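Trainee: Numbered according to this note's numbering, the sequence shown spans residues 4 to 170.
Ideal Cβ positions, reconstructed from N, Cα and C, are used throughout, including at glycine.
Just so it is clear, the structure is predicted and the values come from calculations on it, not from any experiment.
Before anything else, here's the structure in question.
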Amino acid sequence: MDDDKPKLDLPAGPFSGPDTFRDLVRAALAAANEQGWRELILCDPDFADWPLGERAVVESLGAWSQRGRRCILLARNWDEAVRRHARFVSWRRTWSHIIEAHACRSADPIEFPSAIWTPGWVLERRDLVQCRGWTGPEPDRRLTLREKINEWLGKSAPGFPSHTTGL
């Protein structure tokens with residue numbers, strides 16, 4: 004990482020609205036490589052309203068992936084993400100060796116987290132309908148979210164395979 008490059012400042016505090024949420028996802032994924040995060044967790048019931056199919060988002064993920072990283076993907080169901088985000092599906096296929104993908108189909112979508120967890124910053128969308136949540140770097144916030152995600156990972160099974168087999 005080049006120390007002369009300015010760090011992307013990610014916001015801390017509450018957010019509201021789908022446009023703001025999508026902007027925060029874009030900013031977080033752009034910052035992943037810039038800030039050198041070694042691990043990234045993306046979690047949502049179905050990722051339908053995330054900007055994961057956008058070229059810039061996939062380019063950010065691609066740049067981040069090239070440096071020996073680890074990514075955990077957790078969804079209740081992957082069907083919408085596969086239908087809506089072709090570029091993201093392609094990225095997942097290319098980088099399958101660093102991506103661990105899970106599904107938790109029996110989960111209640113209202114209780115299931117919608118979040119980005121990183122070692123230095125988190126985004127948690129607590130109200131999916133109004134698209135409201137909180138972001139920040141606070142250690143206690145990161146720990147609490149990681150524990151919540153780990154509970155769901157414990158209830159999940161492998162999902163969103165990198166390749167589908169067919170006849």
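When the Cα of E103 is compared with those of V92, V125, P116, L77, which residue comes out closest?
Mentor: Closest by alpha carbon: L77.
Trainee: For N36, count the other beta carbons within 10 Å of its own beta carbon; 16 or more makes it buried, fewer makes it exposed. Which is it?
Mentor: Its Cβ being crowded by 16 or more others within 10 Å, N36 is buried.
Trainee: Among the residues of its own chain, which have a CB less than 8 Å from the CB of L131, if the five just before and after it don't count?
Mentor: Closer than 8 Å at the Cβ level, and outside the excluded window around L131, lie P48, P112, I113, S117.
Trainee: Counting only runs that start and end within the stretch 13-75, where is the alpha helix (DSSP H) found for 4 or more residues in a row?
Mentor: Listed in chain order, they are 21-37, 58-68.
Trainee: Using only the alpha-carbon positions, how far apart do W53 and A15 sit?
Mentor: So the two alpha carbons sit approximately 19 Å from each other.
Trainee: Counting beta carbon pairs with one atom in the stretch 64-81 and one in the stretch 144-162, are three or more of them shorter than 8 Å?
Mentor: Segments in contact, yes.
Trainee: Can you tell me the Cα-Cα spacing of G42 and R145, whole angstroms?
Mentor: The sequence given here places Glu at residue 42; Gly does not occur at that position. About 13 Å.
Trainee: If you draw a straight line from the alpha carbon of G194 to that of R96, how long is it in whole angstroms?
Mentor: Missing from the structure shown is residue 194; the chain here goes from 4 to 170 and no further.
Trainee: Can you tell me which residues form a DSSP beta bridge with L178?
Mentor: Given that the chain is displayed from residue 4 to residue 170, the structure contains no residue 178 and the question cannot be resolved.
Trainee: Give the range of the beta strand (DSSP E) segment to which A110 is assigned.
Mentor: Neither: A110 is in no beta strand (DSSP E) and is coded neither H nor E.
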